[in-house]
RNA sequence: GGGCGGUUAGCUCAGUUGGCAGAGCGUGUCUUUGACGUAGACAAGGCCACAAGUUCAAAUCUUGUACCGCCCACCA
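Written out as structure tokens, the structure is:
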């Protein structure tokens with residue numbers, strides 16, 4: 001008897017050793033396959049490929065329990081498919097998470113008393129890289145701790161050189177196809193972070209606000225309501241609903257307001273369907289430059305768009321009372337002015353949803369800015385005149401891409417329908433620099449050549465830094481960086497060798513089989529991967545989107561730093577073992593379902609690991625001197641048990657293919673404990689003791705153990721592998737040698753069972 | 001305002017085509033030279049949120065109600 005087996009199962013002493021064994025075997029890499037899987041005769045899945053690209057964790061910090069949930073699912077899928085004999089790739093990587101990382105490092109530096117601007121771009125980026133490198137190391141070691149069978153030889157980073165080349169290539173192609181444009185449009189400006197952010201990076205906070213009702217001047221015929229009087233110096237119209245009888249006669253009129261707190265206004269009365277008749281006075285003061293809906297109204301009615309607020313949320317109008325004042329101060333000044341002029345009709349309390357930046361908390365100031373956009377509506381000629389919107393919809397509609405749970409399909413459609421052009425430029429330093437180059441303002445004549453200034457190109461979109469052919473001036477790169485999701489969108493194929501369309505990995509492993517993110521990034525990421533993949537390589541990025549839910553604490557709250565309710569998964573693994581933690585994340589948690597994390601569940605499965613261990617001890621102890629007959633035969637009840645296990649295998653294999661891991665894991669737990677241990681072992685004890693049908697019992701014990709180890713392995717890889725290794729060390733002596741080596745690359749028993757049953 | 005999800009044992013949650021209500025933890029009783037005390041055996045505990053409907057049969061399907069939660073829109 002192996003001395004180890006005499007003690008209770010100790011994951012701490014086992015897991016690192018086992019992971020090393022796996023890693024050194026090279027079998028995480030699909031290029032290395034076990035002998036049986038290389039053989040068409042023994043492997044039905046010989047030609048099949050199975051690939052998952054890991055949703056890259058943000059390099060801003062360490063992994064939390066939510067990640068473990070994600071990784072436990074993926075590793076189980078990967079291990080299962082590897083055992084089925086497929087060429088199985090699970091590719092690891094991390095995400096540079098531009099804004100998140102940038103703002104995190106900025107805060108860290110502020111604590112040291114350092115300012116980003118004083119440091120300069122280069123120095124700042126050095127610090128960011130240093131920080132990210134540290135984070136990445138932690139993440140990688142955490143992934144190893146939970147037993148993730150990732151192919152480390154293919155590790156990628158969203159901001160490494162290869163991915164940067166992919167990003168630049170994608171940008172250029174999109175620009176050349178007219179799908180990326182530079183335009184002055186209203187954007188969500190974050191004055192605190194000094195950058196543009198996308199619609200998806202906004203969070204709304206409900207606050208109390210005052211709603212003011214007033215006229216622009218004594219003669220003005222219509223009262224309007226606003227919570228932001230300071231923006232009214234930028235008004236160019238008053239919009240009313242076309243059916244609103246109160247205002248019908250005014251539609252089309254224009255009024256000059258000579259002095260609105262020192263500013264001259266030109267107000268046209270227009271009719272627009274978007275105006276709510278019942279809100280306020282039913283008339284909306286239109287401020288095109290500082291409200292997104294007003295900007296769109298201005299589009300429809302051809303209005304001027306004077307800007308009255310700048311990037312620092314300060315007023316830019318010429319009136320000395322207002323100039324350079326913060327918007328909040330300007331608001332008071334204008335309200336006071338309205339009061340004095342007796343133009344203010346009403347002040348009332350109202351609830352307002354204030355747009356704030358997710359990462360910095362700054363209040364969003366909508367501003368017109370020159371930014372880069374992806375046109376989501378433009379027809380793409382070499383994609384059958386389909387737009388990005390259509391390219392994103394199509395594969396989900398025709399079922400090429402399945403989403404689990406399927407009610408997210410509707411949510412996905414709904415998001416695409418309401419999608420506006422995607423603003424991809426960010427005014428932060430950390431990220432992929434936009435591959436656009438501007439000619440220096442002054443041309444420098446080439447020595448010995450004639451000046452041909454008129455031929456100098458002002459702007460070039462190029463993967464490499466361009467050189468001016470006509471003068472000696474330099475090109476200067478656009479200072480902006482790209483939205484982090486631009487590079488994430490390329491992830492399934494930039495990791496496989498794209499833009500080299502002949503890259504062997506790309507040909508072999510794309511489209512990937514399944515992607516497994518949380519539902520909260522369905523739009524951010526999943527949609528953008530579909531967009532990029534459909535457009536750049538005319539292929540879906542994955543066949544299945546298995547969305548997982550959120551993990552919350554026992555009170556049902558999100559895990560967050562501000563609540564300080566975070567749990568370090570590594571501590572849990574140290575105490576209970578990775579297998580236990582993994583099982584607790586899988587059993588009973590269906591796709592898309594939020595779950596409360598309960599340490600009791602982990603404890604329960606650590607007991608289960610020990611149970612498996614003890615069962616192994618019993619079985620090995622009772623079969624140690626037994627010589628297996630060439631053709632095993634069972635008595636009636638053992639034969640029934642053998643069939644029952646085969647039935648279980650058929651069942652769970654089907655369920656694995658249907659992504660019902662949460663049911664499979666539970667079934668295995670239940671069968672192992674309450675059928676194998678409680679019934680079969682108890683029965684075997686009697687048979688062995690009385691020596692009646694003892695051989696049948698021993699064969700059943702051994703086959704049950706080895707088979708159950710195999711099918712438990714995807715869920716509890718460490719304890720099952722450790723036992724397998726102990727069995728291996730004895731196998732040559734007594735037990736038939738149908739297997740050897742690692743459990744990780746053993747054959748999943750399904751095909752054998754099918755063969756025998758049929 | 002629009003959309004989605006949830007409500008099952010004291011707690012956390014499963015329950016796949018409708019067919020005697022399940023697990024873990026917790027609780028109670030019993031069992032220790034025996035694979036396992038990080039244990040085993042047994043047990044208690046549920047009008048499956050509420051109401052109506054379809055059906056031989058409903059936790060499951062339909063409709064409505066209540067409460068909890070999430071997402072999207074952003075009302076000026």
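Residue numbers (UniProt numbering): 1 to 758.
Even for Gly, the Cβ is constructed at its ideal location relative to N, Cα and C.
Measure the CB-CB distance between residue i and residue j and report whether it falls below 9 Å.
| i | j | result |
| --- | --- | --- |
| residue 609 | residue 577 | yes |
| residue 511 | residue 533 | yes |
| residue 349 | residue 209 | yes |
| residue 84 | residue 493 | no |
| residue 101 | residue 39 | no |
| residue 5 | residue 616 | yes |
| residue 535 | residue 124 | no |
| residue 605 | residue 633 | no |
| residue 688 | residue 697 | yes |
| residue 709 | residue 573 | no |
| residue 148 | residue 75 | yes |
| residue 700 | residue 598 | no |
| residue 268 | residue 291 | no |
| residue 522 | residue 415 | yes |
| residue 260 | residue 216 | yes |
| residue 496 | residue 519 | no |
| residue 767 | residue 191 | Outside the displayed range of the chain (1 to 758) lies residue 767, so it cannot be described from this structure. |
| residue 78 | residue 515 | no |
| residue 472 | residue 444 | yes |
| residue 365 | residue 434 | no |
Leaving aside the five residues before and after residue i along the sequence, list all residues of the same chain whose C-beta is less than 6 Å from its C-beta, in chain order.
| i | result |
| --- | --- |
| residue 330 | 230, 315 and 322 |
| residue 325 | 315 |
| residue 734 | Confidence at residue 734 is low in this model, with a pLDDT of 49, below 50, so the placement of that residue should be treated as unreliable; the coordinate-derived value is given next. Result list for residue 734: empty, nothing under 6 Å. |
| residue 159 | 96 |
| residue 567 | 65 |
| residue 55 | 517 |
| residue 284 | 239 and 275 |
| residue 138 | 62 |
Among residues of its own chain, excluding the 5 on either side of residue i, which ones have a beta-carbon nearer than 7 Å to its beta-carbon?
| i | result |
| --- | --- |
| residue 556 | 596 |
| residue 468 | 439, 456 and 475 |
| residue 369 | 184, 187, 189 and 196 |
| residue 250 | 221, 222 and 269 |
| residue 200 | 523 and 524 |
Give every residue of the same chain whose Cβ lies closer than 8 Å to the Cβ of residue i, excluding the five residues on either side of it in the sequence, and list them in chain order.
| i | result |
| --- | --- |
| residue 351 | 206, 207, 208 and 209 |
| residue 748 | 80, 83, 84, 85, 653, 710 and 711 |
| residue 552 | 558, 559, 594, 595, 596 and 597 |
Give me whichever residues DSSP pairs with residue i in a beta bridge.
| i | result |
| --- | --- |
| residue 353 | 206 |
| residue 372 | 182 |
| residue 254 | 268 |
| residue 188 | 197 and 366 |
| residue 93 | 156 |
| residue 149 | Beta-bridge pairing links residue 149 to no other residue. |
| residue 50 | 88 |
| residue 69 | Beta-bridge pairing links residue 69 to no other residue. |
| residue 744 | BP columns for residue 744 are empty, so no partner. |
| residue 27 | Paired residues: none, contrary to the question. |
| residue 214 | 224 and 344 |
| residue 725 | Answer by DSSP bridge pairing: none, since residue 725 is not bridged. |
query = Contact between the region 165-177 and the region 106-115: three or more CB pairs below 8 Å?
reply = no
ask   = Would you call the region 139-149 and the region 470-477 in contact, with 3 or more CB pairs under 8 Å?
value = no
task = Starting from the N-terminal side, write out each stretch of the alpha helix (DSSP H) that is 4 residues or longer and does not extend beyond the region 489-575.
result = 491-494, 504-509 and 528-537
Secondary structure, beta strand (DSSP E): runs of 3+ residues fully inside the region 421-474 = 436-439 and 459-461
task = Quick one: which unbroken alpha helix (DSSP H) runs of 4-plus residues sit fully inside the region 625-694? Chain order, please.
result = 636-657, 661-670 and 682-690
task = Examine the Cβ distances between the region 266-284 and the region 355-366 and report whether three or more of them are shorter than 8 Å.
result = no
request  = Assess, as a yes-or-no matter, whether the region 231-246 is touched by the region 398-407 under the definition of 3 or more beta carbon pairs within less than 8 Å.
outcome  = no
query = Touch check for the region 638-655 and the region 714-723: three-plus C-beta pairs under 8 Å?
reply = no
request  = Write down every uninterrupted run of the beta strand (DSSP E) in the region 382-418 whose length is 3 residues or greater and which is fully enclosed by it, in chain order.
outcome  = 402-404
message = Runs of 4 residues minimum, wholly inside the region 269-317: which ones carry the alpha helix (DSSP H) assignment?
response = 292-301
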